Amino acid sequence: MTALRAGFAQRDITPPLGLPLGGYGARAGGADGVLDPLYCRAAYFDDESEPVAVMVFDLVHVFGSWTAQVRQRVEQRLGIAGPHCLIAATHTHAGPGVFRSAIATAPEVQKYETELIEQTVSCLAQAKRAAVPAGIRFGTAPTRGVAANRRDPSLSVDETVRVLAAHTPAGELAGVVANFACHPTVLPAANHAYSGDLFGAAATQAAKLLHAPVMLTNGAAGDVSTRFTRREQTHAEVQRLGGRLAEAIAAAVRGALPLPAAVPLGAVTRSVPVRRRELASPQFAAAQLQAALDDLAAVQQRSADAAAVRLAQSRVEGAQAELWLSNRGGWEALFGCRPPRAELQALHCGDLTIVAAPGELFSGAGRWLHQQLGERTLVVGYANDYLGYFVPHAEAAAGGYEALIAMVDPRCEESIRCGLIDTAGRANERLG
C-alpha cells in the first residue's frame, strides 16, 4: 500500500467588527473588539486512493446547507469527495452568530458566510500542498480541572484528551488532530469581543509547545462545561485553562503509539430521520417559567444540596430559553426549516475511527461510543450541521436547560448513537 501523506494548515477567519455574536441568545449588539483571532484549521490525509479532510472552525456551529456548498467547492477544486470532508465547529460562544435565519438577511452576514467558503477551500488547499509522507500515531492523556458536568460537578465526565498525530519518516511532528469534550464557555454573555475561547487558546498554545500545527475538535460536550472549573470569566482565565488543556494535548502526542504501517483511509456518511421537539406556546412557556421560578425558590429555602439547587436553576434557564424561542416564532424563525434528518459521518484511518454528529451529544453517549467502537475513536460533535442538543431520555425526564432548549425529540437520541455505530461499521466494511 502507498504510504500515507498528511498536511495541515490554518487561516485567520476573524470577521469585521459589528457582526452579531453567537452562542448566547439574549446577547444584544455586535462584536466590538478582538481578544484573539478566529481560525479555520484543516488537516488533509491521502493514500493516493481516497483522500479525507478534517476542518474545524472557531464558530458556534455550522449548518448543513453551508457545509454542502463547501463540499461542492472542495470536490470541484481539490478532488476530495464531499462525504470525505468533516466540517466542524469548536462551539465558541465568542464567534460570529452566522447561519441563523433571524440574521441571515443582513448583507454583512451574508458577505461573511460567502467569503468563508473561499477561505475554507483555500485553507484546505494549503494543507493539501503541505502534505508529506507520514505515519499516524494515537495517544491519550488525562486532564484535571478543565471540564466538569455543568449541572453537578460531582458527576463523572470524560476528561480525556485524544490525539491523532502525524509524524514524518524522520520523526518530526507534521500536525495533530486533537479531541476533547467541553463547552468552551469561559467568557460570559457580557463579552462582545471575538475569541476562540478555551479551544482557540488550547490549540494555539499546544502548537507552540509542540512546534507543529494543532487542531482541536469538540466531542460529546452537551452536558460538560467550564462552569465549575473556571475561576473567573476573563481572557486571562481563557489562557490559564487553555494552557492546562494544551499541556494535556502535548502529553498525549508525546506518549502516542504508532498505528500499523499500512493505514487505509475511508469515509462514509449517512442520514437518520429525526423528529423535532414540539415547542411550547408563549402562554404555556410563560407559565412553565413561573413554575420553574417557584420551584427554585422552594428548593433554595428547604435544601442546601448544591446539586438540587443547580437542577432547579437549570430548569429556570431552560424555561427562560424556551419562552424566548417561542416569543420569536420558534425554531423556523431562528434557524430556518431544518431538515428532518441528521447526517452522521465516519472516517477511518486504519483502526482509528472518527465519528461525527451534527449537534451536542452528552458525555454518557460519548463513553458509550468509545465502549462500542474502542478507545481509538474520536467522537466529534458540532459537525457538518447543527441540530442542537441530543438529550438522552433519562435527562429529558429530569428536565433542565438542555431538555427545554433541545430542537430534536429526546426519543431520537438512541437512534443517533446507534446510527454512528452503524456508520462506522459501513466505513470499516469499505476498507475490508
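Going by this note's numbering, the sequence shown opens with residue -14, and the numbers climb by one from there.
Each residue gets a CB set at the ideal place from its N, CA and C atoms; glycine is no exception.
Since this is a predicted model, take the numbers as computed values, not measurements.
{"query": "When L226, L183 and S299 are compared against H76, the one with the closest alpha-carbon", "result": "L183"}
{"query": "Length of the line joining the Cα atoms of R12 and A271", "result": "20 Å"}
{"query": "T214 beta carbon less than 8 Å from that of L230", "result": "no"}
{"query": "Status (buried if at least 16 other CB within 10 Å, exposed otherwise) for Q57", "result": "exposed"}
{"query": "Short Cβ contact (8 Å threshold) for I339 with L363", "result": "yes"}
{"query": "Bridge-paired residues (DSSP) for T99", "result": "Its beta-bridge partners do not exist; DSSP assigns none."}
{"query": "DSSP beta-bridge partners of G18", "result": "A178"}
{"query": "The stretch 295 to 315 touching the stretch 233 to 244, judged by at least three CB pairs closer than 8 Å", "result": "no"}
{"query": "For M(-14), the three-state DSSP class (helix, strand or coil)", "result": "Annotation note: pLDDT 41 at M(-14) (below 50); position unreliable, coordinate value reported separately. Three-state result, M(-14): coil."}
{"query": "Ranges of the alpha helix (DSSP H) found wholly within the stretch 173 to 249, counting only runs of at least 4", "result": "182 to 195 and 220 to 239"}
{"query": "Inter-residue CB distance, F375 and I406 (contact presumed, cutoff 8 Å)", "result": "14 Å between Cβ atoms; not a contact."}
{"query": "Those residues which DSSP pairs with D31 across a bridge", "result": "R(-10)"}
{"query": "Buried or exposed by the 16-neighbour rule on C-beta atoms within 10 Å, applied to D(-3)", "result": "exposed"}
{"query": "Inter-residue Cα distance where the pair is N176 and E345", "result": "23 Å"}
{"query": "Spatial neighbours of T(-1) in its chain, beta-carbon cut-off 7 Å, leaving aside the 5 residues before and after", "result": "V19, P22, L23 and Y179"}
{"query": "For L6, the nearest candidate out of F84, L358 and G64 (CA to CA)", "result": "F84"}
{"query": "Candidates E60, F48, G160 and I121, of which the one nearest A(-12) by Cα", "result": "I121"}
{"query": "Continuous beta strand (DSSP E) assignments of at least 3 residues falling wholly in the stretch 319 to 360", "result": "326 to 334 and 337 to 341"}
{"query": "Local Cβ density within 10 Å of S348, reported as buried at 16 or more and exposed below that", "result": "buried"}
{"query": "6 Å Cβ shell around A38 - same chain, five flanking residues per side excluded", "result": "Y29, I65, C70 and L109"}
{"query": "Residue burial classification, K113 (beta-carbon count within 10 angstroms, cutoff 16)", "result": "buried"}
{"query": "Cβ-based burial, A221 [other Cβ within 10 Å; buried from 16]", "result": "exposed"}
{"query": "For M392, the residue or residues it bridges with in DSSP", "result": "M392 is not bridged to any residue."}
{"query": "Minimum C-alpha distance to P173 - residue among V59, D32, F320 and H78", "result": "H78"}
{"query": "As assigned by DSSP and simplified to three states, the class of H46", "result": "coil"}
{"query": "Buried or exposed by the 16-neighbour rule on C-beta atoms within 10 Å, applied to D279", "result": "exposed"}
{"query": "For Y374, the residue or residues it bridges with in DSSP", "result": "E345"}
{"query": "Straight-line Cα distance separating P68 from P118", "result": "23 Å"}
{"query": "Inter-stretch contact at 8 Å, needing at least 3 Cβ pairs: the stretch 184 to 194 / the stretch 248 to 261", "result": "no"}
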